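Trainee: From first to last, the protein sequence lines are chains A and B. Quick note: the working numbering has the first sequence finishing at residue 200, numbered continuously throughout. Quick note: the working numbering has the second sequence finishing at residue 200, numbered continuously throughout. Ideal Cβ placement from N, Cα and C applies to all residues, glycine included. Owing to the predicted nature of the structure, the values given are computational and were not obtained by experimental measurement. My questions will all concern the structure given below.
Number of protein chains: 2
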Amino acid sequence: MTTTRPGGRSARVRSAVLRAAGDMLAEQGFGHLDLAEIGRRAVVGKTTVYRRWGTVAALVADLLDEMAEESLPRTDTGTLLGDLTANARLVADTLTDPRQGPLFAALIASATCDERTAQALHQFYETRVAEWAPCVEQAIARGEVPAGTDPGEVIRAVSAPLYYRLLTTATPPDHTVADRAATAAAVAAERGVYVPAE
Amino acid sequence: MTTTRPGGRSARVRSAVLRAAGDMLAEQGFGHLDLAEIGRRAVVGKTTVYRRWGTVAALVADLLDEMAEESLPRTDTGTLLGDLTANARLVADTLTDPRQGPLFAALIASATCDERTAQALHQFYETRVAEWAPCVEQAIARGEVPAGTDPGEVIRAVSAPLYYRLLTTATPPDHTVADRAATAAAVAAERGVYVPAE
DNA sequence: AGCTTAATGGAACTATAGTTCCGTTAAGGG
DNA sequence: CCCTTAACGGAACTATAGTTCCATTAAGCT
Numbered sequence: 003m004t005t006t007r008p009g010g011r012s013a014r015v016r017s018a019v020l021r022a023a024g025d026m027l028a029e030q031g032f033g034h035l036d037l038a039e040i041g042r043r044a045v046v047g048k049t050t051v052y053r054r055w056g057t058v059a060a061l062v063a064d065l066l067d068e069m070a071e072e073s074l075p076r077t078d079t080g081t082l083l084g085d086l087t088a089n090a091r092l093v094a095d096t097l098t099d100p101r102q103g104p105l106f107a108a109l110i111a112s113a114t115c116d117e118r119t120a121q122a123l124h125q126f127y128e129t130r131v132a133e134w135a136p137c138v139e140q141a142i143a144r145g146e147v148p149a150g151t152d153p154g155e156v157i158r159a160v161s162a163p164l165y166y167r168l169l170t171t172a173t174p175p176d177h178t179v180a181d182r183a184a185t186a187a188a189v190a191a192e193r194g195v196y197v198p199a200e
Numbered sequence: 003m004t005t006t007r008p009g010g011r012s013a014r015v016r017s018a019v020l021r022a023a024g025d026m027l028a029e030q031g032f033g034h035l036d037l038a039e040i041g042r043r044a045v046v047g048k049t050t051v052y053r054r055w056g057t058v059a060a061l062v063a064d065l066l067d068e069m070a071e072e073s074l075p076r077t078d079t080g081t082l083l084g085d086l087t088a089n090a091r092l093v094a095d096t097l098t099d100p101r102q103g104p105l106f107a108a109l110i111a112s113a114t115c116d117e118r119t120a121q122a123l124h125q126f127y128e129t130r131v132a133e134w135a136p137c138v139e140q141a142i143a144r145g146e147v148p149a150g151t152d153p154g155e156v157i158r159a160v161s162a163p164l165y166y167r168l169l170t171t172a173t174p175p176d177h178t179v180a181d182r183a184a185t186a187a188a189v190a191a192e193r194g195v196y197v198p199a200e
């Protein structure tokens, strides 16, 4: 009988390798990054790393799959602006974090090089957006924003300026930028900007 | 006497290599990209490429420097919303273009791996933002938006959602998304969202 | 036109990323 | 507790990215 073995050692190896990969991505980006060194840091034979993942891109894709599973809890402040501001600050804090910021930049960079990685990244953000979408739905229910407002678009409108800053400027997003992004999204949403034209 | 030789052959080599680099970046991303193949496509000895640029990142930085020099003309429609919409559509068209879209993604990816490349990218976007900032200044003069509004922030607010879509979703920005981004930025700007606190 | 030398490019070389082989370890069923 | 075999890991091997050497070409000056 051919049983697959997800238990004990394999799982330990996977988590050690994914952790090492995340660390190295955060430290030196995904450019000159080789699987052998990841294996060395994870104290795992490089043969194993090459066999199970094969390429840096595939490893990143796996890391993204794992990251998509761990969801972080949504805040509920009772108002759209409050919720969006909480979200914006959370994202800004993540992108400003010395490990997480470079890590996210590296993940996005990896996705531009490999189709499978890109899919994993898209899935990750789809999940994240879906987690926060309810706060817009509640705002619709409360009558803060017009019915028909696209929740995902509002959530993305909050994150977009923060990521844009991270990637294209020398100044990562702070709380000022975060609050501004949240306010802009809330204002636009109230005005019905995120209601798709019929 | 030690004269530098910017003329004829050197310039021809540089432009051939930069063009080839841009093509290959657009086609296969900046991941598995080696200078030898770029040289081959540019019909330039690989020794020359290695000597003049040394690394992929340095070559991308040079490409960005060149791209920052060629400015594309700004539209002037007479209203902030009109100008921002024109800008948004221009950016969206660029990011949707089969060559330019992947190229910009690759440039951003490269910048996450190398400090010098990141600086070149930041400079590039600073230039682009500065080119469009006047349309916000005109809007301030016309009284469409409050005095003190940060022109750069408004321009970035227009581009951000488009780039965010390019990088984190499976659906590149179309004119619908572009118009929405422009409208959202205009609405928020009118409301004084981009006026820094006191 | 002729001279000097910066810049190029082919070929041979080195280093490092990635693969194959095979003996060893331990997960999981009997 | 033992047996089977999926998964691991060290070592030797191959492939490809990157470097060095030197002969050749052509800017740019007189």
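Any beta-carbon of chain B closer than 9 angstroms to the one on Ala-187(A)?
Mentor: Here residue 187(A) corresponds to residue number 185 of the first sequence, with the count starting at 1. So yes, Ala-187(A) belongs to the interface.
Trainee: Within a Cβ cutoff of 7 angstroms, which residues of the same chain sit near Ala-183(B), ignoring the five residues on either side of it in sequence?
Mentor: Position 181 of the second sequence, counted from the start, is the residue given in the question as residue 183(B). Excluding residues within five positions, the ones whose Cβ falls inside 7 angstroms are Ala-90, Val-160, Pro-163 and Leu-164.
Trainee: Do Val-19(A) and Leu-61(A) have their beta-carbon atoms positioned less than 9 angstroms apart in this structure?
Mentor: Along the first sequence, read from residue 1 onward, the residue named residue 61(A) stands at position 59. Along the first sequence, read from residue 1 onward, the residue named residue 19(A) stands at position 17. In contact: Leu-61(A) and Val-19(A) (Cβ atoms closer than 9 angstroms).
Trainee: If contact means a Cβ-Cβ distance below 7 angstroms, which residues of the stretch 84–107 of chain B contact chain A?
Mentor: Ala-107
Trainee: Should Leu-74(A) be labelled buried (16 or more other beta-carbon atoms within 10 Å of its own) or exposed?
Mentor: On the first sequence, position 72 is the one that residue 74(A) refers to. Exposed, by the Cβ-count rule.
Trainee: Along the chain, where does the alpha helix (DSSP H) that runs through Trp-134(B) open and close?
Mentor: To locate residue 134(B), count along the second sequence from 1; it is residue 132. Element bounds for Trp-134(B): 117–144.
Trainee: Considering just the uninterrupted stretch of the alpha helix (DSSP H) at Ser-161(A), what are its terminal residues?
Mentor: As a first step, residue 161(A) is located in the first sequence; it is residue number 159 there, counting from the start. Counting along the chain, the unbroken alpha helix (DSSP H) around Ser-161(A) starts and ends at 153–170.
Trainee: List, from N- to C-terminal side, the alpha helix (DSSP H) runs of 4 residues or more that fit wholly inside the stretch 43–130 of chain B.
Mentor: 48–54, 58–71, 82–98 and 102–113
Trainee: Does DSSP put Val-189(B) in a helix, in a strand, or in coil?
Mentor: Numbered from 1 along the second sequence, position 187 holds the residue referred to as residue 189(B). Val-189(B): helix per DSSP, three-state reduction.
Trainee: If you run the structure through DSSP and keep just helix, strand and coil, what is Thr-173(A)?
Mentor: The residue given as residue 173(A) occupies position 171 in the first sequence. Of the three classes helix, strand and coil, the one that applies to Thr-173(A) here is coil, per DSSP.
Trainee: Under 9 angstroms between C-beta atoms, does Ile-40(A) make it to chain B?
Mentor: Here the question's residue 40(A) lines up with position 38 in the first sequence. It does not: the Cβ of Ile-40(A) has no partner Cβ on chain B nearer than 9 angstroms.
Trainee: Between which two residues does the alpha helix (DSSP H) carrying Val-19(A) extend?
Mentor: The residue you call residue 19(A) lines up with position 17 of the first sequence. Where Val-19(A) is concerned, the enclosing alpha helix (DSSP H) starts and stops at 10–30.
Trainee: Count Cβ pairs between the stretch 44–60 of chain B and the stretch 134–149 of chain A that sit closer than 8 angstroms; are there 3 or more?
Mentor: no
Trainee: Determine the burial state of Asp-36(B): buried for a count of at least 16 other Cβ atoms within 10 Å of its Cβ, exposed for fewer.
Mentor: For the purposes of this step, residue 36(B) is taken as the residue at position 34 of the second sequence. Under this definition Asp-36(B) is an exposed residue.
Trainee: Run the CB neighbour count on Val-131(A), radius 10 Å, all protein chains shown included, and call it buried at 16 or more, exposed below.
Mentor: Walking along the first sequence from the start, residue 131(A) turns up at place 129. Around the beta carbon of Val-131(A), 16 or more other beta carbons sit within 10 angstroms, so the residue counts as buried.
Trainee: Enumerate in chain order the residues of its own chain whose CB-to-CB distance from Pro-104(B) is below 6 angstroms, with the five nearest sequence positions on each side excluded.
Mentor: Here residue 104(B) corresponds to residue number 102 of the second sequence, with the count starting at 1. Excluding residues within five positions, the ones whose Cβ falls inside 6 angstroms are Ala-28.
Trainee: How would you list, in chain order, the residues of chain A whose beta-carbon sits under 8 angstroms from the beta-carbon of Val-195(B)?
Mentor: Here residue 195(B) refers to the residue found at position 193 of the second sequence. In chain order: Arg-182, Thr-185, Ala-186 and Val-189.
Trainee: Anything in chain B within Cβ reach of Pro-163(A), meaning under 7 angstroms, just list it in chain order.
Mentor: As a first step, residue 163(A) must be located in the first sequence, where it is residue number 161. Near Pro-163(A) (Cβ distances below 7 angstroms), the residues of chain B are Arg-158, Ala-159 and Ala-162.
Trainee: Using the beta-carbon of each residue, which ones in chain A are nearer than 8 angstroms to Asp-116(B)?
Mentor: Your numbering for residue 116(B) matches position 114 in the second sequence. Neighbours of Asp-116(B) on chain A, chain order: Gly-31 and Gly-33.
Trainee: What do you reckon, are the CB atoms on Tyr-127(B) and Glu-155(B) nearer than 9 angstroms?
Mentor: Counting from one through the second sequence, the residue named residue 127(B) turns up at place 125. Counting from one through the second sequence, the residue named residue 155(B) turns up at place 153. Against a cut-off of 9 angstroms, the Cβ pair of Glu-155(B) and Tyr-127(B) comes out as no contact.
Trainee: Are the stretch 108–116 of chain B and the stretch 110–118 of chain A in contact at 8 angstroms, needing three or more beta carbon pairs?
Mentor: Remark: three or more beta-carbon pairs, one from each stretch, lie closer than 8 angstroms, so the stretch 108–116 of chain B and the stretch 110–118 of chain A are flagged as touching.
Trainee: Taking the straight line between their C-alpha atoms, what separation do you get for Gly-194(B) and Glu-146(A)?
Mentor: Here the question's residue 194(B) lines up with position 192 in the second sequence. Here the question's residue 146(A) lines up with position 144 in the first sequence. Taking the straight line joining both Cα atoms gives about 20 angstroms.
Trainee: In whole angstroms, what is the alpha-carbon distance linking Glu-71(B) and Glu-133(B)?
Mentor: On the second sequence, position 69 is the one that residue 71(B) refers to. On the second sequence, position 131 is the one that residue 133(B) refers to. One C-alpha to the other measures close to 12 angstroms.
Trainee: If you draw a straight line from the alpha carbon of Glu-117(B) to that of Gln-125(A), how long is it in whole angstroms?
Mentor: The residue you call residue 117(B) lines up with position 115 of the second sequence. The residue you call residue 125(A) lines up with position 123 of the first sequence. Rounded to the nearest angstrom, the two C-alpha atoms are 29 angstroms apart.
Trainee: Can the beta-carbon of Ala-188(B) be found less than 9 angstroms from the beta-carbon of Leu-86(B)?
Mentor: Here residue 188(B) corresponds to residue number 186 of the second sequence, with the count starting at 1. Here residue 86(B) corresponds to residue number 84 of the second sequence, with the count starting at 1. Yes, these two residues count as a Cβ contact at 9 angstroms.
Trainee: Using a C-beta to C-beta distance shorter than 7 angstroms, which residues of chain A count as neighbours of Leu-169(B)?
Mentor: In the second sequence, the residue the question calls residue 169(B) occupies position 167. The contacting residues are Ile-110.
Trainee: Do Pro-175(B) and Leu-97(B) have their C-beta atoms within less than 9 angstroms of each other?
Mentor: As a working mapping, residue 175(B) is identified with position 173 in the second sequence. As a working mapping, residue 97(B) is identified with position 95 in the second sequence. Contact: yes.
Trainee: For Arg-43(A), collect the residues of the same chain with a Cβ closer than 8 angstroms to its Cβ; drop the 5 residues on either side in sequence, then sort them by chain order.
Mentor: Position 41 of the first sequence, counted from the start, is the residue given in the question as residue 43(A). Only Ala-22, Asp-25 and Met-26 meet the Cβ criterion.
Trainee: Let me confirm a value: Pro-100(A) is counted as buried when at least 16 other C-beta atoms fall within 10 Å, else exposed. Which label applies?
Mentor: Residue numbering aside, residue 100(A) sits at position 98 when the first sequence is read from its first letter. Answer is exposed; the Cβ neighbour count stays below 16.
Trainee: I'd like to check one pair, Thr-49(A) with Val-15(A): are the Cβ atoms closer than 9 angstroms?
Mentor: The residue labelled residue 15(A) in the question sits at position 13 within the first sequence. The residue labelled residue 49(A) in the question sits at position 47 within the first sequence. Contact flag unset, no.
Trainee: Using beta carbons (cut-off 9 angstroms, strictly below), is Pro-198(A) in contact with chain B?
Mentor: One-based indexing of the first sequence puts residue 198(A) at position 196. By this cut-off, Pro-198(A) is an interface position.
Trainee: Which same chain residues, not among the five before or five after Leu-123(B), have their C-beta less than 6 angstroms away from its C-beta?
Mentor: Taking the first residue of the second sequence as 1, we reach residue 123(B) at position 121. Within the same chain, Leu-123(B) has close Cβ partners Leu-66 and Ala-113.
Trainee: Less than 9 angstroms between CB atoms is the rule here; does Ala-120(B) satisfy it with respect to chain A?
Mentor: For the purposes of this step, residue 120(B) is taken as the residue at position 118 of the second sequence. Output row for Ala-120(B): interface = yes.
Trainee: Once DSSP output is grouped into helix, strand and coil, what is the label at Asp-181(B)?
Mentor: One-based indexing of the second sequence puts residue 181(B) at position 179. It is helical.
Trainee: Can a CB atom of chain A be found closer than 9 angstroms to the CB of His-177(B)?
Mentor: Locating residue 177(B) in the second sequence gives position 175, where the first residue counts as 1. For His-177(B), the answer is no, since every Cβ of chain A falls outside 9 angstroms of its Cβ.
Trainee: Leaving aside the five residues before and after Ala-233(B) along the sequence, list all residues of the same chain whose C-beta is less than 8 angstroms from its C-beta, in chain order.
Mentor: Lying outside 3 to 200, the shown extent of chain B, residue 233(B) is not represented and no answer is given.
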